[in-house]
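Visitor: Just passing along the structure, written as structure tokens.
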Amino acid sequence: MTFTSEERREMAENLRHLTIGHSIQYKEQFFDELAEVVVGFEDYHDFDVVLDKLADLIDPEGGDDD
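Numbering-wise (my numbering), the sequence shown opens with residue 358 and increments by one.
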């Protein structure tokens with residue numbers, strides 16, 4: 358999946374503001390908050406779905422540096 362620069366900036370801003378207004382105390386709560394920001398809705402998500410989207414945002418080319 359390819360993201361525009363604007364989509365990457367928006368995601369970065371959302372991640373920076375993840376904890377404003379509330380504290381996160383447990384890793385499960387952190388993952389739920391992260392998944393909501395990254396995937397866009399509050400539903401069950403596997404770690405791989407969230408991590409794949411983050412990886413695509415960071416490296417849209419897929420990491421084939423060889």
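Positions of the beta carbon are idealized from the N, C-alpha and C atoms, including for glycine.
Remember, it's a predicted structure, so these values are computed and weren't measured experimentally.
According to DSSP, simplified to helix, strand and coil, what is E418?
Guide: Coil at E418, not helix or strand.
Visitor: Around the C-beta of H402, are 16 or more other C-beta atoms found within 10 angstroms, so that it is buried, or is it exposed?
Guide: Classification of H402: buried, given that the 10 Å Cβ count is 16 or more.
Visitor: Helix, strand or coil, according to DSSP, for F398 in the structure here?
Guide: In the structure shown, F398 sits in coil (DSSP, three-state: anything other than H, G, I, E or B).
Visitor: Applying the criterion that 16 or more other CB atoms from any shown protein chain within 10 Å of the CB defines a buried residue, is V395 buried or exposed?
Guide: Buried, because 16 or more other Cβ atoms sit within 10 Å of the Cβ of V395.
Visitor: I need the boundaries of the alpha helix (DSSP H) containing S380, first residue and last residue.
Guide: Taken as a continuous stretch (DSSP letters only), S380 belongs to no alpha helix (DSSP H), as it is neither H nor E.
Visitor: Pick helix, strand or coil for D403, following the three-state DSSP scheme.
Guide: In the structure shown, D403 sits in coil (DSSP, three-state: anything other than H, G, I, E or B).
Visitor: Please work out which residues of its chain come closer than 7 Å, Cβ to Cβ, to T359, disregarding the five sequence neighbours upstream and downstream, and give them in chain order.
Guide: The residues are P417.
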